[in-house]
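If you read the protein sequences in the order shown, they are chains A and B.
Here our numbering is used: position 144 in the first sequence is 1562, and no number is missing along the way.
Here our numbering is used: position 44 in the second sequence is 195, and no number is missing along the way.
For each residue, glycine too, the CB sits at the ideal point set by N, CA and C.
These numbers were taken from a predicted model, which means no experiment stands behind them.
So the structure is just underneath, and the comments pick up after that.
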Amino acid sequence: MSDTITPVRTIESPYVVLDAQNVDTDQIIPARFLKVTDRAGLGDALFADWRYDEDGSPRADFVLNRPEARGAEILVAGHNFGCGSSREHAPWALRGYGFRAVVSTRFADIFHSNALKNGLLPVTIPSDVHERLVSWPVNGTRPALKIDVGSETLTLPDGTDVHFPIESFAKHCLLEGVDEMGYLLNAAAEIAAYEEAHP
Amino acid sequence: MKSEPPAPRTLFEKVWRDHVVRPATASTPAVLYVDLHLVHEVTSPQAFTRLRERGLKVRRPDRTVATMDHSTPTTPRDEHGRIPIGDALAAAQLAQLQRNCTDFGIELHELGAEQQGIVHVIGPELGLTGPGMTIVCGDSHTSTHGAFGALAFGIGTSEVGHVLATQCLLQRRPKTMEVRVEGALRPGVTAKDIILAVIAKIGIGGGTGHVIEYTGPAIRALGMEERMTVCNMSIEGGARAGMIAPDDTTFEYVAGRPRTPQGAAWDAALGRWRALPTDEGATYDRTVTISASELAPMITYGTNPGMGMRIDAPIPRPDSTSDSADRAALEKALHYMDLRPGERLLGRRVDVVFVGSCTNSRISDLRLAAGVLRGRKVAPGVRMLVVPGSQQVKRQAEAEGLHTIFREAGAEWREAGCSMCIAMNGDSLAPGQYAVSTSNRNFEGRQGKGSRTFLASPLTAAASAVRGAIADARELSDV
């Protein structure tokens, strides 16, 4: 297997709004779904306790079960998304479902790091922009967003460009489809020297 | 060689600098060396798979230690002394860890083994955890080990793979936050109450991007197990790591443990460790101060650990907060919990009491709970589980007769594991049930689908078990 992953350069898609703050990783994927040894199929468990009834049927009132959510690759969620556990199953479930980006005013640190390693783009925006996205009027067509990683730009449905920050190395990895493991393996000589000096 | 100006440094800065293999640049993060990598069954299988796919070895199996804790049952042993695993998925996951550890030459404390237990309990217990180290694990409560003056934080499974293969991580340097706890705790107020109060103050995202250092006389006065309780929940305030400067309390705890340096190595280590505390004049990016003497036993009322209050306080009213998003979050939480604004929790009936988890399952926690339960009974209709954090804690508790106190009170005395904190191992609440829990998360469904959790200290948990309702342990003698 090579050291490359699929590059993420631009994402253009309608978005769905999950209007909740502090969405923790136990909501993104409850712990009972973590008894797995691979990462396949976790999309079905995404937001399981909000998405399904006791009998496993979809809850009509949950946003992902509404017709307008179909095919949306961008999730707009409330402040402090991904707080809680370190489970990388959270970005695996979001990617498995079909999301390629999450837009919020803040991400929890471990989730943010995990997302970037799985081609799931965390896009941090100011709260006034977030408020606009949450209440964007729907006039026949679903509002859509365009994300350009290279220029660190989020384009709103009305064409307004909003800058968002990406750490420089994470950006390089996304654009070039490089994963961090290869970079670290290339540091082997320095690691060995460090170990020599710190027995 | 250039001589360095003697700039005052924080504990965090010292540990960080000691572990930089390659410094950060504008375009690349630092390569940071990891002294100890702890591994468990849930967040490691996909990382080992990645290693196999790439034909990689584990670089330092001697710096890697695995245990089974999250998906393990805590039910009593069978007549052969084994702990049966009823769940086929969990059994397969545990078998996979065993296979991975065998294939890659990693020390494993398997289910029921002498030193098996919750990963953050066994690290310190074995003397694997020490001052000045960098410690990581695919588990957010790795912050626990910061109690020793280590830089310890949770990582995802991709990073577990990075550490297995290279013993390093790519990291941007976080900011620092001092949480200063002035004064002294009053009787009946514990380390758990300190950290719940801190999180209530800074909020569950308040520490995001920061490493916390806990300072002040109230922190210095804590024993090591209490310090672990404080550092454990740093992540519930959004901070990846929490640290406490090592002192004689630390050295006394560490001395003589199986994996602690011995002889001349001990003397050398002690010299290094004494230089770790934050220098006079060093600064933090942020400082928050709380007064220990003003603290009371704390309890959470909502669905994140920041929704906490004094146990005798009324539940906050959504209309008293000006921020509309905060108001909506509180309304949603109270709806889930089926609680009313302004209501008081004291006296509210509970179904289950759980004493355990990496936050509060050590011997001192069990002693506190047993002290309340001695000569008393768990109220009718209440189920109480006491789950020791490790096999060693279990043996110690049994040597002290604590298990007899629990059993005579009507509580269940279980095998070591994460148990009802994460509810992926057979121990869980039924939908709608209320629990007073000494664990660390009260998220929706955390203790089982539809579960409702009140986070509190072991004293509050035990007192609530006796009353059958939320109770202040300080008032229990009046029953």
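Cβ-based contacts, 8 Å cut-off: residues of the region 1578-1593 of chain A near chain B: E1585, S1586, F1587 and H1590
Short CB-CB distance (under 8 Å) between D1471/A and chain B: In the first sequence, counting from the first residue as 1, residue 1471/A sits at position 53. No, because no Cβ of chain B sits closer than 8 Å to the Cβ of D1471/A.
7 Å Cβ cut-off: residues of chain A touching F255/B: Counted from its first residue, the second sequence places residue 255/B at position 104. Simply none; closest approach about 15 Å.
Nearest-angstrom Cα separation, counted from R1513/A out to E204/B: By one-based count along the second sequence, residue 204/B stands at place 53. By one-based count along the first sequence, residue 1513/A stands at place 95. Near 21 Å, if we compare the C-alpha coordinates of R1513/A and E204/B.
4 or more residues per run - each alpha helix (DSSP H) lying fully within the region 1500-1562 of chain A: 1507-1515, 1527-1534 and 1545-1552
First through last residue of the beta strand (DSSP E) which encompasses I286/B: Counting from one through the second sequence, the residue named residue 286/B turns up at place 135. Run containing I286/B: T285 to C288, per the beta strand (DSSP E) assignment.
Cβ separation of I1429/A and I1565/A, assumed to be a contact under 8 Å, to the nearest whole Å: Start at 1 with the first residue of the first sequence, and residue 1429/A comes out as number 11. Start at 1 with the first residue of the first sequence, and residue 1565/A comes out as number 147. The pair is a contact, with the Cβ atoms about 4 Å apart (cut-off 8 Å).
Burial state of A415/B (16 or more Cβ within 10 Å): Locating residue 415/B in the second sequence gives position 264, counting from the first residue. With fewer than 16 other Cβ atoms within 10 Å, it is exposed.
Beta-carbon proximity of L320/B to F163/B, cut-off 8 Å: Start at 1 with the first residue of the second sequence, and residue 320/B comes out as number 169. Start at 1 with the first residue of the second sequence, and residue 163/B comes out as number 12. No, Cβ-Cβ distance for L320/B and F163/B is not below 8 Å.
The alpha helix (DSSP H) enclosing L657/B, as first and last residue numbers: Not covered by the structure: residue 657/B. The range shown for chain B is 152 to 630.
Distance between beta carbons of H296/B and T280/B, contact taken as under 8 Å: Along the second sequence, read from residue 1 onward, the residue named residue 280/B stands at position 129. Along the second sequence, read from residue 1 onward, the residue named residue 296/B stands at position 145. Sure, about 5 Å apart at Cβ, within 8 Å.
Assumed close pair V381/B, G389/B - CB separation to whole angstroms, cut-off 8 Å: One-based indexing of the second sequence puts residue 381/B at position 230. One-based indexing of the second sequence puts residue 389/B at position 238. V381/B to G389/B, Cβ: 15 Å. No contact.
Within 7 Å of chain B by C-beta, residues of the region 1502-1521 of chain A in sequence order: G1502, S1503, S1504, R1505 and E1506
Selected residue, minimal CA-CA separation from M379/B, among T194/B, I353/B, A351/B and I345/B: One-based indexing of the second sequence puts residue 379/B at position 228. Comparing Cα-Cα distances from M379/B to each of T194/B, I353/B, A351/B and I345/B, the minimum goes to I345/B.
Cross-chain neighbours of S1569/A in chain B, by beta carbon under 8 Å: Here residue 1569/A is taken as the residue at index 151 of the first sequence, counted from 1. Going along chain B, no residue has its Cβ under 8 Å from S1569/A, so there is no contact; the nearest lies around 17 Å.
Minimum C-alpha distance to D1456/A - residue among H1507/A, R1469/A and G1489/A: Translated into positions along the first sequence, residue 1456/A becomes position 38. Among H1507/A, R1469/A and G1489/A, the Cα nearest to that of D1456/A belongs to H1507/A.
Residue closest to A1466/A, alpha-carbon to alpha-carbon, out of L1572/A, H1548/A, S1522/A and V1441/A: For this step, residue 1466/A is matched to residue 48 along the first sequence. Selected option, being the one with the closest Cα: V1441/A.
Residue-chain proximity (F299/B, chain A), Cβ-Cβ < 8 Å: Position 148 of the second sequence, counting from 1, holds the residue named residue 299/B. So no, F299/B is outside the interface.
H221/B classed as buried or exposed, judged by whether at least 16 other C-beta atoms fall within 10 angstroms: To locate residue 221/B, count along the second sequence from 1; it is residue 70. By the 10 Å Cβ count, H221/B comes out buried.
Same chain, Cβ closer than 7 Å to D629/B, neighbours up to 5 away in sequence not counted: The sequence position of residue 629/B within the second sequence is 478, counting from 1. Legend: pLDDT at D629/B = 46, less than 50; position of this residue unreliable, no value from coordinates given.
Nearest-angstrom beta carbon gap, G493/B and I450/B [assumed within contact, 8 Å]: Here residue 450/B refers to the residue found at position 299 of the second sequence. Here residue 493/B refers to the residue found at position 342 of the second sequence. Not confirmed; about 16 Å, so no contact.
Cross-chain neighbours of G389/B in chain A, by beta carbon under 8 Å: Looking up residue 389/B in the second sequence gives position 238. Going along chain A in sequence order, the residues near G389/B (Cβ under 8 Å) are N1498, C1501, A1526 and D1527.
C-beta neighbour in chain B for M1419/A, strict 8 Å: Taking the first residue of the first sequence as position 1, residue 1419/A is located at position 1. Note on M1419/A: pLDDT 34, under 50, position unreliable in the model; the coordinate value appears next. Closer than 8 Å to some Cβ of chain B, the Cβ of M1419/A qualifies, so yes.
Straight-line gap, V349/B to E310/B (C-alpha atoms, nearest Å): Taking the second sequence and counting its residues from 1, the one referred to as residue 349/B is at position 198. Taking the second sequence and counting its residues from 1, the one referred to as residue 310/B is at position 159. Going from the Cα of V349/B to the Cα of E310/B covers about 29 Å.
CB contact flag (M571/B, G507/B, <8 Å): Numbered from 1 along the second sequence, position 420 holds the residue referred to as residue 571/B. Numbered from 1 along the second sequence, position 356 holds the residue referred to as residue 507/B. Result yes, Cβ atoms of M571/B and G507/B sit closer than 8 Å.
Residues of its chain near V1481/A, where Cβ-Cβ distance is below 7 Å and the 5 sequence neighbours each way are ignored: For the purposes of this step, residue 1481/A is taken as the residue at position 63 of the first sequence. Closer than 7 Å at Cβ, skipping near neighbours: V1434, V1435, L1436 and A1487.
Residue-level contact to chain B via CB, P1476/A, 8 Å cutoff: As a first step, residue 1476/A must be located in the first sequence, where it is residue number 58. Chain B contact via Cβ: absent.
Integer Cβ distance of R567/B from T225/B, believed to fall under 8 Å: For the purposes of this step, residue 567/B is taken as residue 416 along the second sequence, with counting starting at 1. For the purposes of this step, residue 225/B is taken as residue 74 along the second sequence, with counting starting at 1. It should be noted that the sequence gives Ala, not Arg, for residue 567/B. A567/B to T225/B, Cβ: 7 Å. Contact.
Span separating the alpha-carbon of V538/B from that of S512/B: Start at 1 with the first residue of the second sequence, and residue 538/B comes out as number 387. Start at 1 with the first residue of the second sequence, and residue 512/B comes out as number 361. Spanning the two alpha carbons is a distance of roughly 7 Å.
8 Å Cβ cutoff, S1431/A in contact with chain B: One-based indexing of the first sequence puts residue 1431/A at position 13. For S1431/A, the answer is no, since every Cβ of chain B falls outside 8 Å of its Cβ.
Supposed close pair T611/B, I462/B - CB separation, criterion 8 Å: The sequence position of residue 611/B within the second sequence is 460, counting from 1. The sequence position of residue 462/B within the second sequence is 311, counting from 1. Their Cβ separation, rounded to whole angstroms, is 7 Å, which keeps T611/B and I462/B in contact under 8 Å.
Residues, ordered as in the chain, of the region 1432-1455 of chain A that lie near chain B by beta-carbon distance below 9 Å: D1437, A1438, Q1439, N1440, D1442, T1443, D1444, Q1445, P1448, A1449, R1450, F1451, L1452, K1453, V1454 and T1455
Contacting residues, own chain, Cβ-Cβ under 7 Å from A372/B (five flanking each side not counted): The count along the second sequence starts at 1 and reaches residue 372/B at position 221. Only A335 meet the Cβ criterion.
CB contact flag (T510/B, E364/B, <8 Å): Taking the second sequence and counting its residues from 1, one reaches residue 510/B at position 359. Taking the second sequence and counting its residues from 1, one reaches residue 364/B at position 213. Contact flag unset, no.
Close Cβ partners of S615/B (< 7 Å) along its chain, the five nearest in sequence each way excluded: For this step, residue 615/B is matched to residue 464 along the second sequence. The residues are V501, V504, V587, I621 and A622.
Minimum C-alpha distance to P1575/A - residue among R1560/A, F1525/A and S1586/A: In the first sequence, the residue the question calls residue 1575/A occupies position 157. Selected option, being the one with the closest Cα: R1560/A.
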